[in-house]
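Numbering (the numbering used here), first residue to last: 1 to 77.
The following block contains the structure:
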């Protein structure tokens, strides 16, 4: 049976308003950011897929591509 409440990377940003992006880099840096803030700050279209946002991420400490990222309804690691 499908779990329709579970977030998918193919979800558009508008569908996950109020959710958080949890990001972990190989260098050990971790951060939790609201998807709404990312979309607003970078002026991303609401139809953009969460997957596409994750693909654009870079670590603010080391500059490498993100090793792991997912979305969650609450800001917890």
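Every residue gets a Cβ at the ideal spot worked out from N, C-alpha and C, and that includes glycine.
- By the Cβ neighbour-count rule, residue 14 is exposed, with fewer than 16 other Cβ atoms within 10 Å of its own.
- With fewer than 16 other beta carbons inside 10 angstroms of its own, residue 32 counts as exposed.
- CA-CA distance, residue 36 to residue 44, rounds to 10 Å.
- For the pair residue 47 and residue 64, the Cα-to-Cα distance works out to about 26 Å.
- For residue 49, the three-state secondary structure derived from DSSP is strand.
- In the assembly as shown, residue 16 is a buried residue. Its beta-carbon has 16 or more other beta-carbons within 10 Å.
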